[in-house]
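Asker: Each residue of the sequence shown is one higher than the one before, starting from 68 at the first, in my numbering.
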Amino acid sequence: MNQTYVVVALVTAGVGFVVHAAEPPSAVNQEAAPAQQGFGRGRGRGQWDDPRFIEDRKWFHFLLDNRAKIRRTITRTDKGVDTVTESDDPEVTAGIQTHVAAMHARVKEGRGIHMRDPLFREVFRHADKISMEITDTDKGVRVVETSDDPYVASLIHSHADVVSQFIENGHEEVRKNHAVPPRPE
68 MNQTYVVVAL VTAGVGFVVH AAEPPSAVNQ EAAPAQQGFG RGRGRGQWDD PRFIEDRKWF
128 HFLLDNRAKI RRTITRTDKG VDTVTESDDP EVTAGIQTHV AAMHARVKEG RGIHMRDPLF
188 REVFRHADKI SMEITDTDKG VRVVETSDDP YVASLIHSHA DVVSQFIENG HEEVRKNHAV
248 PPRPE
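(1) Looking at the structure shown, is residue 141 part of a helix, part of a strand, or coil, going by DSSP?
(2) As a quick exercise: from 244, 200 and 180, pick the residue whose alpha carbon is nearest that of residue 192.
(3) Cα-Cα, which of 197, 207, 204 and 190 is closest to residue 246?
(4) Can the beta-carbon of residue 207 be found closer than 9 Å to that of residue 152?
(5) Taking the alpha-carbon of residue 213 as reference, which of 143, 147, 141 and 125 has the nearest alpha-carbon?
(6) Return the chain-ordered list of same chain residues with a C-beta closer than 8 Å to the C-beta of residue 216, the five sequence neighbours on each side being excluded.
(7) Applying the 10 Å Cβ sphere with the 16-neighbour rule, what's the burial state of residue 250?
(8) Under three-state DSSP, which class holds residue 177?
(9) Locate the alpha helix (DSSP H) running through residue 223, then write down its first and last residues.
(10) In whole angstroms, what is the alpha-carbon distance linking residue 144 and residue 211?
Here's what the structure looks like:
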């Protein structure tokens, strides 16, 4: 069964919405398992309680699988980062834009992902202090991510570095936990 997947994200730099509609290449039609009590200490529902988790994961894995086609630059500022992530492959470009829009929505809505990683958990804990400006480019996306809180700015720096490590090392890097930076004095 073919489906069209739509991800919608509010653009903080402008008025209105950006809509990306695409089907992940070689997408497997996966349905979320019914929520059930797990073996952990939490509420037992994990990511399965999040209707967009499966879709977001498909795009993330697509990008990891195509990481050799992705280039990324990071410019650090005192308040955060200015990143450009692009590809010459149109499918990968669409994947980058869709993934960034979905992650932006997660930050705005406080819907964390990859929460077993201490760095991601801490980033989402401070999501209300993060400002993101997303601009699609012809080949990807530019993201200006900032915070007036120096500690949160250091989290933004660390997160940008880890995203670049994901691109460099793929699935192996995703399985690692990443350190939370110390609080500035």
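Cβ coordinates follow ideal geometry from the N, Cα and C atoms, glycine included.
Answerer: Once the coordinates are examined:
(1) strand
(2) 180
(3) 190
(4) yes
(5) 147
(6) 193 and 196
(7) exposed
(8) coil
(9) 217 to 236
(10) 10 Å
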